[in-house]
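J.: Residue numbers (our numbering), protein chains in the order written: chain V, 185 to 495; chain G, 185 to 495; chain D, 982 to 1593; chain E, 982 to 1593. C-beta: ideal position from N, C-alpha, C; glycine also.
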Amino acid sequence: MSTATADTPPSGEKLTRKVLTGDHPTWCPGCGDFAVLAAFYRFLEQEQIPHEKIVTLAGIGCSSRFPYFVNTHGGHYIHGRSLPFAVGVSLSRDDLHVFVFGGDGDGFSIGGNHLDHTARKNVNLTYVIMDNFVYGLTKKQTSPTSPIGFKSKTDPTGAIDQPINPMKKLLASGATFVARSHAAQVKHMVEMYRRAYHHKGFSVVEILSECVEFYPGAFDAAVPRKQGQFIEIEEKKHDGTPEDEKRHDPSDEEAAFRLAHLEWPGVFGVFYETQRLTKNELEAQLNQRARERVKGKSDLEILRDTFAKMR
Amino acid sequence: MSTATADTPPSGEKLTRKVLTGDHPTWCPGCGDFAVLAAFYRFLEQEQIPHEKIVTLAGIGCSSRFPYFVNTHGGHYIHGRSLPFAVGVSLSRDDLHVFVFGGDGDGFSIGGNHLDHTARKNVNLTYVIMDNFVYGLTKKQTSPTSPIGFKSKTDPTGAIDQPINPMKKLLASGATFVARSHAAQVKHMVEMYRRAYHHKGFSVVEILSECVEFYPGAFDAAVPRKQGQFIEIEEKKHDGTPEDEKRHDPSDEEAAFRLAHLEWPGVFGVFYETQRLTKNELEAQLNQRARERVKGKSDLEILRDTFAKMR
Amino acid sequence: MVSSDRSSQPISGAALQKEVLKDAVIRLAGNSQDGIQTIGGFLARLAGRTAQEVMTYMTIPSTISGGPSIFQVRMGTGEVLSAGDSADFLVAFYQHSLESHIDSLRERGVLIYDSDHVKPDLSDKRFIYFGVPITGLTIEAVGGSAREKGKNMFVLGLLARMFNLQIDKLRQLIQERFASKGESVLRNALLAFDAGFAYPADSVLKRYYYFEKEKDEDGRVQITMDGNQALAYGLIAAGVRYGAGYPITPWTSIMEILRSELPKYGGTFVQCEDELAAISTALGAAYAGHTAVTGSSGPGLSLKMEALGWAVMAEIPLIIVNIQRGGPSTGMPTNVEQSDLLQAIYGSHGDAPRVVIAPENVEGCFYCAIEAARIAREFSVPVIILSDQSLATRIEAFPEPDLEKLMITPQLDLAPRGADFKPYPLDGPTRHAPPGARIDGKYPTVTGLEHDEHGHPSANPAIHMRMTARRREKLKKLAASLPRPEIYGDQEGDVLLVGWGSTWGPIREAVRRLRAEDKLVGHVHLRHLHPLPNGLERLFTRFRQVFVVEMNDEGLYGFGQLATLLRGRYAYQSIRSITKTDGLPYKVREILEGVRRLSADHVSTFSLYPNL
Amino acid sequence: MVSSDRSSQPISGAALQKEVLKDAVIRLAGNSQDGIQTIGGFLARLAGRTAQEVMTYMTIPSTISGGPSIFQVRMGTGEVLSAGDSADFLVAFYQHSLESHIDSLRERGVLIYDSDHVKPDLSDKRFIYFGVPITGLTIEAVGGSAREKGKNMFVLGLLARMFNLQIDKLRQLIQERFASKGESVLRNALLAFDAGFAYPADSVLKRYYYFEKEKDEDGRVQITMDGNQALAYGLIAAGVRYGAGYPITPWTSIMEILRSELPKYGGTFVQCEDELAAISTALGAAYAGHTAVTGSSGPGLSLKMEALGWAVMAEIPLIIVNIQRGGPSTGMPTNVEQSDLLQAIYGSHGDAPRVVIAPENVEGCFYCAIEAARIAREFSVPVIILSDQSLATRIEAFPEPDLEKLMITPQLDLAPRGADFKPYPLDGPTRHAPPGARIDGKYPTVTGLEHDEHGHPSANPAIHMRMTARRREKLKKLAASLPRPEIYGDQEGDVLLVGWGSTWGPIREAVRRLRAEDKLVGHVHLRHLHPLPNGLERLFTRFRQVFVVEMNDEGLYGFGQLATLLRGRYAYQSIRSITKTDGLPYKVREILEGVRRLSADHVSTFSLYPNL
Ligand SMILES: Cc1ncc(C[n+]2csc(CCOP(=O)(O)OP(=O)(O)O)c2C)c(N)n1
Ligand SMILES: Cc1ncc(C[n+]2csc(CCOP(=O)(O)OP(=O)(O)O)c2C)c(N)n1
Ligand code: SF4
Ligand code: SF4
Ligand SMILES: [Mg+2]
Ligand SMILES: [Mg+2]
């Protein structure tokens, strides 16, 4: 864990777990979301972002209660719309660090379209989807990631609709950073947070986070101490070795799609990363050009000139 | 053009262009949508579906006025929601043939999420997106398919947001039939209609259809008589010839993605086709199992039995 | 409450005092994990089976992992109108249960507590104390491994003995409930139950309780269920076979029932990606010729407002269920409120008249569903059913509906339409032709644009006027067909209480108490909120004061939502408001206080300058 | 209209009759492709530049490719209150233009027609006929290749001569407009204009027209624009720098202006994927500390209702523009209606009080934007501006606003907050801390759940009561700060006309005419619709009758939307409704008819049994 460096906030306040702890979580004991939260604390402790510049936002769901449990500026918005809300924050306040949290229902069902459009526009923010393959808060209905056969209250004889493939959806969306992690792997989550955070643009991390109440054991297949396998993506080192051939190049979209198609439980790590101008930058360029045209005039002068043309 | 066969509706009414013609289109002279309509007439003339079983539905937009111009049962619903509306029609009336029409704004912007979920559920219907890369009805705003640099009223200095790649979006959605056509190619459109129609499940065809008013020349690059190239996908014939190696296998999703990545204006034809149980079939199976459990009881008897347990 | 002395069979004869009750309010306070809902449900069901009146009330914990929660049952042989302002019996599982709920116990009420967990202040002489080592005895009975899992069944047994309940019926209920969960679960449940029943509660308390008498059997069996069940089964009885929804508390259980049940009837309920899709899918089914349903709670209703306007414009029948909860926004999802009324009526853009009705109790949920379907079909209009969180989760017994008479088996009308086919004739009811119906001539395109009689889009000013009038007039026609509600209580006099929805019981009880004080008080309860039935002015003008009792805010001008509507229509200064916004069902006492406050403040009623 | 005889310079002196006008209504009827909007716009701008009053009215064709369309200009030196019921001059480009609009020409009005296309019935002696081969002369002037493209400029020249307009100013306007389109376009436009001006209209007609006199210069220059422009620039003046929207007619032009203009001010306007995203993005910017705007028309407003409720609950300031059009559903997108009022007030679930204001004319659009921003900030509340299709597209001149005084340059308040920081103090205004502000102690999570003073979620009954009251009381406080509107006309008497929004002009003109008939009539126009200003009862009670004039439906009970609100608040039987639903702006005549009808039908006013 790194100690505070030049990044330390001017006030000298150090981000510790204690400082970062908000309300006591209302999650069920054993819920995977606790670990996702713990990893977030640890990531923040490592990064030492100025405290007041951190914003945690969410929609509605168990996972979406996240902002209450982190002592930073936060927003608990409405179901499925946390991303467009975050877009407003990010685009109007480039000085902030915006993190959005939510569940599979919030992000892939009601909010699925906002995800696609925020991604293609490459708005600068980090989005964490705590995927438990079920609607937790409303107590066990089928979610768009529930596998076929999953018995929920809305599919008492087992789900029949083909679930989405989250990685495929995220890749197709145009997101410039796409990763996958597991709530049983705190170190891995911290690393994904770190890389997502340092990525400029729209970064998204899906974290498999078990709902012990309504879908216990859902992700055991990727938990070593439950006879599962947690397979991490090995990334290319570009070291010219033959082993490197087989390693994954995160800038290769097709390769990323291939990883997304691996059989359950698949692999974990960074599937895809690329650089593209962010919408924040593009809008800033627009503004700069516009400002040049008005040549340092004050707001008052600009509007007065406009009115002069309407006389 | 085939003549009426056993499929001819019982009433003996033959589907002719005259019979099928609805209102006089309100489109601008020269609009690509006229050709999309003409091809639809021709397709119906070929198929001779029973007249009263055809349903044409749409949202809002220039293209979405389509149902008025076809003399069949029709619905002009609200902006972006034509697909879920069509889902209600299809799932509750398996005897009908449901066609949905709309624009790029209707389908990829406000309606983008419904597209994904209707596709993954594989609801049995055919969806035609008349993509003109612009908002026509509202008079030239940027659409999610407008290319970067396109000057619209909402991007007077040129669009800056990365557009979606429609084919990629459709492929990632889980649609079981994905094709692409061009309004300048009536025969090709008719063929795509035909194949989409005969596909069981959710079939979607994107048709590049020029908005002569607000985006003239948008698709010239694929119009031979304007020095463009209209490249059709050659599909595998499985004839063991070496040429066949290079041909496209529509059941190969990865190959389809590769086609989707080709440089503008890309290729036309069936990108992807696969078979998967439709939601219509899956729900029917559910119902059958449920009906077996209640063993031929009448509705009244079933409810009475339920109430008996609540005494 | 005084008893009739109809003789009976006490469990153990000797030396016990028999206390006869007309009804009893039993509050179970624990954590939601303890299965107190289950005990409550069994008691309610039992009451139903023995033709008693019953009403329940519960709270839902706000943390996901459960937590403090109560279940209150009021059962008895009189008319049970509300779940009770205060409890006669309190069962406290934990110290926190005791502390949070002791104030709800009436004086001389009985506190039953788990003496393994709870230490009451025995010096407080207001209550009768009855400690039972519930935890210990349950573990002993079921075996250590099952931990505390059977405490609820133990308590059920205990209550069965105290109240001299029919234990064969209770055992049967346990059997029905646990049979499918495997033999050992059932065995443990019965072991715990028997242990509770074996505990000599009566002799410790030196008394047992006995409900006055069973109601006169009128031949009708009772069924017991909660409001959401009643609504769901009402929809099925009404011939609704298609629907679509998205989960949200407290609507969800309706869609869960429909998703499970409709396939048996050859129907389908679709879980959609969101509420916009849900209403659209339901409208698709309606367009295709079915009576279809969608539903939600507050936030979801807001999302349906655009599509609802399409249904009004296209005159497509649809049932929209809205289970109201505390608002605005996410608000108080597990509390009750009646604050969606004006949205239900006015929430879509444009003049978009639709029908709004509200059930007054669990039985009403069933019949409202049936009526909604009838109105939707007959007037080709969307109908909103406004239920609420308390009705949704409250269990009541009511006479089994006469399904022979009520049950509708739906039929698609695919008859060919002639050349004169007009979906929207100016001089008659809407006549849609669903797809599949042959049409001589033009096939219709059903649209949300303004249109003429043939459904053809038109921006002609005269057509918009006529069609706007058409959409309004058909609701007026419906209004004319509605029965004028009866006044309960005095037919003229001092105060008329007007209510709607789940406040029915407490208002009625308040009227009884006021009349017992020799006040001239009546009660009118409106099931039809939009359109209102005609002739209400004839009721209102018979009373000096008209107080509208609602669970919503007094608003900017001092009037609740129904009061605002009624004043807007009648402009009577006599119409005023009793409102509250604490997210809990009305206590009778609160209504009485409201009546007293407003009656005292009589002057302002007729002032020309209210609310300065 | 009688003239003052202030002398002037006719174009050609000889033998021409000079007819002096106070104002003139000129209707241009053609196809939208003919650029008749352009002529109209020039005339309006010219009027503005010469300190005349002007008002325009236009229709938009319903086919995408354009089609029949009109543009009507009323200009003059009196107070121009409406675009005119009937035209004094009709310019008909085609036969269909003539046929559709000849009925709008008043008797003795002048029909100017393109004699190359139009054949009027010269035997109809009601009108003065003036045929000009517009097409031919334009082609001749501009050259054949340009086809019919310059006809609008030709007509402008023609009118300039007939009305003795200031042609240097007109030529300058043409220059400003066409300069950027390339030299040949500009040259052609001027060629056509000159040809029109050269046509000896005055000698053919044997008269020329002259506007009475220029208004006394009060030193304030006039600017000319349409309502949507005024609203957009008003937002900019008010310090709004961030916003988000989705296109929909007739809201779109506001977002187009903001998207182009805001970058100059360092701001950003985002085109979102839909309206749900648009309001959410705007709320994100508001949460981040800015005064932000979103907007739409009917269908889009319906989609914003859920998020709007969040803004109410979280007490986040936001401006929501709604340009009303004909409803319900897609309805009549290019027609006017005032039917979103009740939705604006009541359209979200739960008790969700927000502010609703409505501009009465183009100038009002500008000032409403400024007021909306002020209220949103001061009361931390969403404010809806209800404009409408006719205001959005209508051009008017008004005195240039005093930007020095009005202009707000926004500032983020990132000052650190102390340990006592409470966003929602019970005893004071909302005090949000935008992200970036350091907080000693707990950082806030802004939420749509019910919450305490610290913004912390709570389902405590007392807190919900107090917070519901808080959200209501702050609007009452706003109400108390609003000026009581003045009555125009008689201060007491027979009839008070009450209006809101774009009906201001026609109502005022109606009042003038009624007073000219010696009736005692007043007019109150409400800009603040929710909350209503206090003290209206003191105005209403001075008149025997109060008629609320609105462009919406009379509803189930005979009252328009504002009338319903006013009756709900005041319960005065004297408040009744004049409504209409033809999708067109009020004609003065229609209001007069309404007043006569209701006045005759006096009995029903005080009946206890209305609407049986
Ligand atoms: C508009 C709206 N619709 C529905 C709901 C009810 N609701 C709350 S959370 C949720 C889904 C929860 O699932 P998910 O997003 O996967 O989160 P989880 O609880 O599983 O973490 C739903 C349907 C709501 N609050 N608002
Ligand atoms: C809820 C809602 N939002 C916005 C609109 C306005 N609107 C109508 S059509 C349209 C987009 C048209 O573009 P597209 O779907 O590409 O169709 P096109 O006209 O280009 O064929 C929009 C934004 C609307 N009718 N309803
Ligand atoms: S319900 Fe599931 S997701 Fe929600 S807190 Fe409990 S375990 Fe976690
Ligand atoms: S505006 Fe464009 S898309 Fe619409 S009808 Fe005209 S050419 Fe076609
Ligand atoms: Mg989930
Ligand atoms: Mg388009």
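#1: Are the beta-carbon atoms belonging to Val388 (chain G) and Ala363 (chain G) less than 9 Å from one another?
#2: Spell out a yes or no on whether the region 1505-1516 of chain D and the region 1331-1338 of chain D are touching, meaning 3 or more CB-CB pairs, one atom from each, closer than 8 Å.
#3: What number of angstroms, rounded off, separates the C-alpha of Asp1084 (chain D) from the C-alpha of Ala1581 (chain D)?
#4: Should Trp158 (chain V) go down as buried or exposed, given a rule of 16 or more other Cβ atoms within 10 Å for buried?
#5: Would you say Lys352 (chain V) lies against chain D (beta-carbon separation less than 9 Å)?
#6: Measure how close the beta-carbons of Asn464 (chain V) and Val307 (chain V) come, nearest whole angstrom, since I'm counting them as under 8 Å.
#7: Reducing DSSP to helix, strand and coil, say where Leu997 (chain D) ends up.
#8: For a test of your reading of the model: does the CB of Ile1045 (chain E) fall under 8 Å from any non-hydrogen atom of ligand 7? Yes or no.
#9: What is the rounded straight-line gap between the Cα of Ala1127 (chain E) and the Cα of Leu1140 (chain E)?
#10: Would you kindly report the start and end of the unbroken alpha helix (DSSP H) that includes Leu934 (chain D)?
#11: Near Tyr1590 (chain D), what residues of its chain come up, given a Cβ to Cβ distance below 7 Å and the 5 sequence neighbours on each side ignored?
#12: Would you check whether ligand 5 has a heavy atom nearer than 8 Å to the C-beta of Met314 (chain V)?
#13: Alpha carbon to alpha carbon, how far is Thr1019 (chain E) from Arg1465 (chain D)? Give it in angstroms, no decimals.
#14: Going by other Cβ atoms of all chains shown within 10 Å of its Cβ, with 16 needed for buried, is Thr189 (chain V) buried or exposed?
#15: At 7 Å on the CB atoms, spell out the chain D contacts of Leu321 (chain V), in chain order.
#16: Does Trp1481 (chain D) come out as helix, strand or coil in the three-state DSSP assignment?
#17: Is it the case that the Cβ atoms of Ile1356 (chain E) and Leu1459 (chain E) are separated by a distance below 9 Å?
#18: Hey, would you say the C-beta of Gln1324 (chain D) is under 8 Å away from at least one heavy atom of ligand 1?
#19: Quick check on this structure: which residue in E:Glu1080, E:Leu1579 and E:Phe1108 has the alpha carbon closest to the alpha carbon of Glu953 (chain E)?
#20: Taking 8 Å as the cut-off, is the CB of Asp1332 (chain D) close to at least one heavy atom of ligand 5?
#21: Lys421 (chain G) touches chain V at which residues, Cβ-Cβ below 8 Å?
#22: For Gly412 (chain V), which option in V:Glu419, V:Gly401, V:His422 and V:Lys420 has the closest C-alpha, if you only look at C-alpha atoms?
#23: Go ahead and pull the three-state DSSP assignment for Asn1303 (chain E).
#24: Can we count Asp1255 (chain D) as close to ligand 1, meaning its CB is less than 8 Å from some heavy atom?
#25: Which runs of the alpha helix (DSSP H) spanning at least 4 residues fall entirely within the region 999-1040 of chain D, listed in chain order?
#26: Determine whether the beta carbon atoms of Pro213 (chain V) and Val370 (chain V) lie at a separation below 9 Å.
#27: Taking CB distances under 9 Å as the criterion, tell me whether Trp1291 (chain D) reaches chain E.
#28: Do Val1123 (chain D) and Ala1182 (chain D) count as a contact pair if the criterion is CB distance below 9 Å?
#29: Any chance the region 1367-1376 of chain E sits against the region 1029-1045 of chain E, with 3 or more Cβ pairs inside 8 Å?
T.: Checking against the coordinates, here is how it stands:
#1: yes
#2: yes
#3: Asp1084 (chain D) and Ala1581 (chain D) have their alpha carbons spaced roughly 29 Å apart.
#4: The shown model of chain V, from 185 to 495, leaves out residue 158 (chain V), and the question about it has no answer.
#5: no
#6: 7 Å
#7: coil
#8: Inclusion of ligand 7 in the displayed structure is not the case, the ligand content consisting of ligand 1, ligand 2, ligand 3, ligand 4, ligand 5 and ligand 6 alone.
#9: Only weak support exists for where Ala1127 (chain E) lies, its pLDDT of 49 falling under 50; the value from the coordinates is given anyway. Going by C-alpha positions, Ala1127 (chain E) is about 22 Å away from Leu1140 (chain E).
#10: Nothing about residue 934 (chain D) can be read from this structure; chain D reaches only from 982 to 1593.
#11: Low local confidence applies: a pLDDT of 38 at Tyr1590 (chain D) is under 50, so the model's placement there is unreliable, with the coordinate-based value given in what follows. Within its own chain, no residue has a Cβ closer than 7 Å to the Cβ of Tyr1590 (chain D) once the five positions on either side in sequence are excluded.
#12: yes
#13: 59 Å
#14: For Thr189 (chain V), the predicted structure reports a pLDDT of 34, less than 50, and the residue's modelled location is therefore unreliable. The matter cannot be settled from this model.
#15: Ile1045
#16: coil
#17: yes
#18: no
#19: Look at the range of chain E in this structure, 982 to 1593, and you will see that residue 953 (chain E) is not part of it.
#20: Relative to ligand 5, the beta carbon of Asp1332 (chain D) is positioned no closer than 8 Å to any heavy atom.
#21: Here the premise fails: no neighbours, minimum Cβ distance about 26 Å.
#22: V:Gly401
#23: In the structure shown, Asn1303 (chain E) sits in a strand (DSSP, three-state: E or B).
#24: yes
#25: 1017-1030
#26: no
#27: Yes - at least one Cβ of chain E is within 9 Å of the one on Trp1291 (chain D).
#28: no
#29: In this structure the region 1367-1376 of chain E lies against the region 1029-1045 of chain E, because at least three pairs of beta carbons, one per stretch, are closer than 8 Å.
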